[in-house]
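When the letters of the sequence shown are read in order and numbered with this note's numbering, they come out as residues 8 to 394. Accompanying notes for the structure given below.
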Amino acid sequence: MTEEHLSPLRMSSPDINEEDIARVVGVLRSGNLSIGPFVEEFERQTARFVGVDHGVAVSSGTSGLHLCMRAMDIGAGDEVITTPFSFVASANCVVYEGGIPVFVDIQEDSLNVDDALVGSAIGPRTRAILPVHVFGRPAAMAELSAIADRSGVDIIEDACEALGSEYRGARAGALGHAGVFGFYPNKQITTGEGGMIVTNDGKWAQRMRSMRNQGRSEMGSWLLHQQLGFNYRLDEMSAALGSSQLARIDELISLRERVSSQYQQLLANVPGVTLIAEGRDTTRMSWFVFVVRLDADIDRDMVAKQLGERGIPTRNYFPPIHLQPFYRDRFGYKPGQFPVTERVARSTLALPFHGRMSAQEIERVSTSLQQAVDQQIRLRNPRRSIA
Ligand SMILES: *Cc1c(COP(=O)(O)O)cnc(C)c1O
Numbered sequence: 008m009t010e011e012h013l014s015p016l017r018m019s020s021p022d023i024n025e026e027d028i029a030r031v032v033g034v035l036r037s038g039n040l041s042i043g044p045f046v047e048e049f050e051r052q053t054a055r056f057v058g059v060d061h062g063v064a065v066s067s068g069t070s071g072l073h074l075c076m077r078a079m080d081i082g083a084g085d086e087v088i089t090t091p092f093s094f095v096a097s098a099n100c101v102v103y104e105g106g107i108p109v110f111v112d113i114q115e116d117s118l119n120v121d122d123a124l125v126g127s128a129i130g131p132r133t134r135a136i137l138p139v140h141v142f143g144r145p146a147a148m149a150e151l152s153a154i155a156d157r158s159g160v161d162i163i164e165d166a167c168e169a170l171g172s173e174y175r176g177a178r179a180g181a182l183g184h185a186g187v188f189g190f191y192p193n194k195q196i197t198t199g200e201g202g203m204i205v206t207n208d209g210k211w212a213q214r215m216r217s218m219r220n221q222g223r224s225e226m227g228s229w230l231l232h233q234q235l236g237f238n239y240r241l242d243e244m245s246a247a248l249g250s251s252q253l254a255r256i257d258e259l260i261s262l263r264e265r266v267s268s269q270y271q272q273l274l275a276n277v278p279g280v281t282l283i284a285e286g287r288d289t290t291r292m293s294w295f296v297f298v299v300r301l302d303a304d305i306d307r308d309m310v311a312k313q314l315g316e317r318g319i320p321t322r323n324y325f326p327p328i329h330l331q332p333f334y335r336d337r338f339g340y341k342p343g344q345f346p347v348t349e350r351v352a353r354s355t356l357a358l359p360f361h362g363r364m365s366a367q368e369i370e371r372v373s374t375s376l377q378q379a380v381d382q383q384i385r386l387r388n389p390r391r392s393i394a
């Protein structure tokens, strides 16, 4: 084995080119580092890409979700129905305002919130449904929208993992009352830290612009604060980077697609490993991470450990939110309450994934995964024959 063969791989990697760098340097040279033309340009560009009227740039996906809760006036005891199979921010945003995230279990195939269960979770205190397009896979938006319309509640899409994904031909983020994207460095495009709210609701956009900027009004003076606000602004360097990245979003999505299809080819017939099927209504999949499921009798954590020893990092996407220490303490959740989520969470493994992975790197990960899984199958179940 060569030295190169053993060098550790990265879990993810931002795709930064010379144009991105030049744009950020241009902002630094301009001397105008906050509240300027790049944020406005990035907002217009994102809204156009998603197919909605307004973009509101914010400091993170989390702050974007928080402002959506504020826009709805979520308060003590208000309920928001969401999924426990997600990154913790999608539930935390409700708790920030004293609301209660009401978890419902996911579908085993789509990994997204089960719309049938959402229907029965609606109650008198329900204010919104907050679906997460997990790993870039659009949730069942038609069914969820029908429930929301019937019950008079809003839909906020957590589209932080799904920039560019399409559901029945419409882009993620354009399917609810508002949608939120995140631009952390492992996402499809990055601004370092940053996020964007997209919506067709002009009143919401205006309120959100004020709330991200300390409650100032657009016309008012710097020291006039109309409402309780935050500093959730995105700076100009980040916006310039985001704008440069979004200009080549199709290329970035295609590069990731190439990596995921090579993984799919190599892992299609590996005993013990199941690929996650594409959703029926997904007309374009924008890959956020590449996640596989391992058979229930395989010790996922041992597989992860063995891969780690070979320089291949992995992640357990996602540990269920309801079993996080804070959620157990605050809301009394226990194992067994969301069996599908818990079963999926025990068996999923995210592999190293970014658009610039070489064919050799993808092969190295796939071969090592196959070997580690084979070994676990033999250890756990000596009588189970392997091809
Ligand atoms: C990335 C992500 C967010 C936002 O994360 P930030 O780090 O705050 O930008 C929110 N929800 C989900 C599901 C995410 O994956």
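Every residue, glycine too, gets a C-beta built ideally from N, C-alpha and C.
Find the nearest neighbour of residue 126 within the set 197, 109, 141, judged by alpha-carbon distance. Here residue 126 corresponds to residue number 119 of the sequence shown, with the count starting at 1. Among 197, 109, 141, the Cα nearest to that of residue 126 belongs to 109.
Give the straight-line distance between the Cα atoms of residue 10 and residue 318, rounded to the nearest whole angstrom. Within the sequence shown, numbered from 1, the residue matching residue 10 stands at position 3. Within the sequence shown, numbered from 1, the residue matching residue 318 stands at position 311. Note that residue 10 scores 45 on pLDDT, short of 50, meaning its location in the model is unreliable and no value can be drawn from it.
Could you give the C-beta distance for residue 204 and residue 65, rounded to a whole number, given that I count them as a contact under 8 Å? Position 197 of the sequence shown, counting from 1, holds the residue named residue 204. Position 58 of the sequence shown, counting from 1, holds the residue named residue 65. Sure, about 6 Å apart at Cβ, within 8 Å.
Counting only beta-carbon atoms, is residue 334 nearer than 7 Å to chain D? Considering every chain present, this structure includes no chain D. It has just one protein chain.
Should residue 100 be counted as a contact of ligand 1 given a C-beta to heavy atom distance under 6 Å? Walking along the sequence shown from the start, residue 100 turns up at place 93. No, since every heavy atom of ligand 1 falls outside the 6 Å radius drawn around the Cβ of residue 100.
I need the boundaries of the beta strand (DSSP E) containing residue 256, first residue and last residue. Numbered from its first residue, the sequence shown carries residue 256 at position 249. Not the beta strand (DSSP E): residue 256 falls in the alpha helix (DSSP H), residues 256-274.
I believe residue 62 touches residue 54 by the beta-carbon criterion, under 8 Å. Please report the beta-carbon distance rounded to the nearest angstrom. Indexing the sequence shown from 1 puts residue 62 at position 55. Indexing the sequence shown from 1 puts residue 54 at position 47. Contact flag correct, Cβ pair sits at about 4 Å.
Ignore the nearest five residues each way along the sequence and tell me which others in residue 233's own chain have a CB closer than 6 Å to its CB. Stepping through the sequence shown from its first residue, residue 233 is reached at position 226. Answer for residue 233: 222, 224, listed in chain order.
Integer-rounded CB distance, given that residue 91 should sit under 8 Å from residue 327: By 1-based counting over the sequence shown, the position of residue 327 is 320. By 1-based counting over the sequence shown, the position of residue 91 is 84. That pair is a contact at about 5 Å.
Quick one: is residue 86 buried, meaning 16 or more other Cβ sit within 10 Å of its Cβ, or exposed? As a position in the sequence shown, residue 86 is number 79, starting the count at 1. Result: buried.
Considering only heavy atoms of ligand 1, list every residue whose Cβ is less than 6 Å from one of them, following chain order. 67, 68, 69, 93, 94, 96, 97, 139, 165, 167, 168, 189, 191, 202
Taking the alpha helix (DSSP H) that residue 73 belongs to, which residues open and close that run? Your numbering for residue 73 matches position 66 in the sequence shown. It spans 68-78 - the alpha helix (DSSP H) in which residue 73 sits, taken as one unbroken run.
Residue 163 - DSSP class collapsed to helix/strand/coil: If you number the sequence shown from 1, residue 163 lands on position 156. If DSSP states are grouped into helix, strand and coil, residue 163 belongs with the strands.
Return the Cβ separation of residue 368 and residue 273 in integer angstroms, given the expectation that the two are a contact with Cβ distance under 8 Å. Here residue 368 refers to the residue found at position 361 when the sequence shown is read from its first residue. Here residue 273 refers to the residue found at position 266 when the sequence shown is read from its first residue. Not quite, the Cβ-Cβ distance comes to about 12 Å (not below 8 Å), so this is no contact.
Who does residue 239 pair with in a DSSP beta bridge? On the sequence shown, position 232 is the one that residue 239 refers to. DSSP, once it has assigned bridges, lists no residue as partnering residue 239.
May I ask you to list the residues that DSSP assigns as paired with residue 338? The residue labelled residue 338 in the question sits at position 331 within the sequence shown. Answer is none; residue 338 lacks a bridge partner.
Return the first residue and the last residue of the alpha helix (DSSP H) that residue 149 is part of. Walking along the sequence shown from the start, residue 149 turns up at place 142. Residues 148-158.
Report the start-end ranges of each beta strand (DSSP E) in the segment 173-246 that is 3 residues or longer and not cut off at the edges. 185-189, 202-206
Excluding the 5 residues flanking residue 394 on each side, which residues of the same chain have their C-beta closer than 8 Å to its C-beta? In the sequence shown, residue 394 corresponds to position 387, counting from 1. For residue 394, the predicted model reports a pLDDT of 49, less than 50, meaning its position is unreliable and no value from the coordinates is stated.
With the cut-off set at 7 Å, would you say residue 207 and residue 60 are in Cβ contact? For the purposes of this step, residue 207 is identified with residue 200 of the sequence shown, where counting begins at 1. For the purposes of this step, residue 60 is identified with residue 53 of the sequence shown, where counting begins at 1. Yes; because the gap between Cβ atoms is below 7 Å, this pair is in contact.
Considering Cα atoms alone, identify which of 320, 291, 288, 380 is closest to residue 280. Residue 280 sits at position 273 when you count from the first residue of the sequence shown. Ranking 320, 291, 288, 380 by Cα distance to residue 280 puts 380 first.
Limits of the unbroken alpha helix (DSSP H) element including residue 128: For the purposes of this step, residue 128 is identified with residue 121 of the sequence shown, where counting begins at 1. Residue 128 -> alpha helix (DSSP H) spans 122-128.
Looking at residue 299: is its Cβ nearer than 7 Å to the Cβ of residue 356? Walking along the sequence shown from the start, residue 299 turns up at place 292. Walking along the sequence shown from the start, residue 356 turns up at place 349. Yes; because the gap between Cβ atoms is below 7 Å, this pair is in contact.
Inspect the CB distances between the segment 299-314 and the segment 143-151 and report whether three or more fall short of 8 Å. no
Residue 186 and residue 166: beta carbons closer than 7 Å? Stepping through the sequence shown from its first residue, residue 186 is reached at position 179. Stepping through the sequence shown from its first residue, residue 166 is reached at position 159. Yes, Cβ-Cβ distance for residue 186 and residue 166 is below 7 Å.
So which of 72, 49, 34, 31 has the shortest CA-CA distance to residue 253? Numbered from 1 along the sequence shown, position 246 holds the residue referred to as residue 253. Checked all of 72, 49, 34, 31; the closest Cα to residue 253 is 49.
Host alpha helix (DSSP H) of residue 83 (start-end): Along the sequence shown, one-based indexing puts residue 83 at 76. No alpha helix (DSSP H) contains residue 83, which DSSP labels as neither H nor E.
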